[in-house]
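This report refers to the structure that appears directly beneath it.
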Amino acid sequence: MSTHTGEMPHKCHECNKLFAQKKYLKKHMVIHTGMKPYQCGTCNKAFTLKSVLSRHMLVHTDEKPHRCDVCHKSFARKGQLNAHMFTHSGEMPHKCHECNKSFAEKIYLKKHMVIHTGMRPYKCGTCNMAFALQSVLSSHMHIHTGEKPHRCDVCDKSFARKGQLNAHMCTHSGEMPHKCHECNKLFAQKIYLKKHMVIHTGMKPYKCGTCNMAFAFRSVLSGHMRVHTGEKPHRCDICHKSFARRGHLNAHMFTHTGEKPHKCDVCEQSFIEKAKLQKHVCAGEKPYKCDVCNESFAHKGLLNKHKFVHFGGPPYKCDVCNASFSFKSSVKVHKKSVHTDIRPHKCDLCNLSFIRKSTLIEHMRIHSSEKPYSCDTCCKSFARKSDLNKHFLIHTHDKPLQCSFCSKSFKRRDALKNHLRTHTGEKPHTCDVCNMSFRSKANLNVHLLTHTGEKSYKCELCCKLFGTKCRLNIHMRTHTGEKSEKSYICNMCGRSFAR
1 MSTHTGEMPH KCHECNKLFA QKKYLKKHMV IHTGMKPYQC GTCNKAFTLK
51 SVLSRHMLVH TDEKPHRCDV CHKSFARKGQ LNAHMFTHSG EMPHKCHECN
101 KSFAEKIYLK KHMVIHTGMR PYKCGTCNMA FALQSVLSSH MHIHTGEKPH
151 RCDVCDKSFA RKGQLNAHMC THSGEMPHKC HECNKLFAQK IYLKKHMVIH
201 TGMKPYKCGT CNMAFAFRSV LSGHMRVHTG EKPHRCDICH KSFARRGHLN
251 AHMFTHTGEK PHKCDVCEQS FIEKAKLQKH VCAGEKPYKC DVCNESFAHK
301 GLLNKHKFVH FGGPPYKCDV CNASFSFKSS VKVHKKSVHT DIRPHKCDLC
351 NLSFIRKSTL IEHMRIHSSE KPYSCDTCCK SFARKSDLNK HFLIHTHDKP
401 LQCSFCSKSF KRRDALKNHL RTHTGEKPHT CDVCNMSFRS KANLNVHLLT
451 HTGEKSYKCE LCCKLFGTKC RLNIHMRTHT GEKSEKSYIC NMCGRSFAR
């Protein structure tokens, strides 16, 4: 009668789960004993219940007796067919009253409800992590055993979890059915779309206890924590170099294989990273239009540079010193850094302060040795995107920036700017300790080491320390026997000279 009344009088004292009949409670109690008396004769996998073993046997026989009348797809279990039928009807009749999430079957709603209790009765015996569902514990155990039971029929690649296999299958089909209505980005699975949607809410619920930085995802926080701990768990089996993140290791592996798996369908140019391919593809489009002359550009930066033609230079000016900038945001940053001393973002490791949070994040990579920006031409990696952009110029022979005094040409605007100071005599960077002035910030930084005595460049052969990389390079020749072309070093700025 309890099936009609909804009464569930039989309670499990281990996990508080309720049952309508005592026999179901008895069956359930076997889960908590850890006993698995029913063993598969083919693969030796063991199960708690006989019914679960019977369902498992269909994996080996490939028998799929339950067929969909709509699309004729077949399934090994009746429950799988029932769940599949909702893909045709779209019906999700079972709703969670805590978070309004809907489910196709009551069993999935029941499983989901455990999340709201906060209970995690299933504990891993290896690392003591606890889980709300036994299925999640089973998936987790593959991390320790190295087992990858889910195999792709197309390329034979194996995966620890079924969800990973499903996501992988989209690489063969190219299908990306789930679309974000905010930014039109496409995803292979609904779960990835849901994760992505958090970005548009602006919510960052995961906070770092060390530096108070907040993140949208727990996984990103976990990766960030390695900046503070210095942990690099992902190691290359070929050269033994270690990385803080799995993605950086994957990108690094292509430097050994020379593989560039992401290919442009139009010009057949290949790239190591998918993001680089997407950027390359977008170069064919020109969505950024000049409102003065209607000329279109592939990137916003190119449009801003083009606007100089109409304005006779960068359009945004500092009202204090009349310095010109390409972006309005750059004026704000300039005023904060030059005309005020406000630097709210501080590094906990070396106490350096920064105006922008993004600059602090880039700076933290110095401590973690993380280099996420990789050159597609020579595979060299960089900590900052700006350094990668500068490096790109090595592979081109163009020197579009010409000095108006001596006709010397340069690839970079900052190099031209520094060169012009040899003509004007300008030395805008002054040392706060001794008031000595320098043409470039880099020369000032080298000079400051004469006051601090800091020597951060170490010789791996004899452990001797040096204040600048230049001095270390010259020292290395004492080990190699190579003669230096530039043997004379300035004690003030660290520059070296042949005579």
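In UniProt numbering, the protein residues as written are 1 to 499. Heads up, the beta-carbon is just placed ideally off N, CA and C, and yes, glycines get one too. In this text the structure is predicted, and so the values were computed from the model without any measurement.
- Judged by beta-carbon spacing, H256 lies beyond the 8 Å limit of F243, meaning their Cβ atoms are not closer than that value.
- The closest CA to that of P121, considering only K411, A160, H248 and H13, is found on H13.
- A direct Cα-Cα distance of roughly 26 Å separates C459 from L388.
- DSSP places L449 within a helical segment (H, G or I) once states are collapsed to three.
- R151 is the residue among S89, D156 and R151 whose C-alpha sits nearest the C-alpha of K162.
- The beta carbons of C208 and M225 sit closer together than 8 Å.
- Residue pairing by DSSP puts H262 in a beta bridge opposite F271.
- With 16 or more other CB atoms across the displayed protein chains lying within 10 angstroms of its CB, L277 is buried.
- As the crow flies, the alpha-carbon of N44 is around 21 Å from that of H32.
- Its Cα nearest to that of A76, the residue E63 stands out among I342, C318, T340 and E63.
- C347 is the residue among C347, E370 and K195 whose C-alpha sits nearest the C-alpha of L360.
- In this structure L401 touches F410 by the C-beta definition: roughly 5 Å separates them, less than 8 Å.
- Non-local C-beta neighbours of I191 in its own chain, meaning closer than 8 Å and more than five positions away in sequence, comprise G163, ordered along the chain.
- Distance from the CA atom of A251 to the CA atom of K179, rounded to whole angstroms, is 27 Å.
- DSSP places Q21 outside any alpha helix (DSSP H), giving it a letter other than H or E.
- Counting along the chain, the unbroken alpha helix (DSSP H) around T117 starts and ends at K106 to T117.
- Annotation: S54 to A46 spans about 11 Å, alpha carbon to alpha carbon.
- By the C-beta density criterion, L444 is buried, having at least 16 other C-beta atoms within 10 angstroms.
- Burial of R439 is indicated by the presence of at least 16 other C-beta atoms within 10 angstroms of its C-beta.
- Residue state for T33 is assigned as helix, using DSSP reduced to three classes.
- Judged by DSSP secondary structure, T145 falls within the alpha helix (DSSP H) whose first and last residues are Q134 to T145.
- If you draw a 10 Å sphere on the C-beta of A214, you find fewer than 16 other C-beta atoms in it, and that means exposed.
- According to the DSSP assignment, I199 belongs to the alpha helix (DSSP H) that extends over K190 to T201.
- Relative to the Cα of G34, the nearest Cα in the group N351, S138, N184 and L81 belongs to S138.
- Listed in chain order, the non-local C-beta contacts of L249 below 7 Å within the same chain comprise H234, C236 and F243, local neighbours out to five positions each way being set aside.
- Contact check for S381 and K371: beta-carbon distance about 4 Å, within the 8 Å limit, so the pair qualifies.
- Annotation: G481 to F217 spans about 52 Å, alpha carbon to alpha carbon.
- Under the three-state reduction of DSSP, K276 is assigned to helix.
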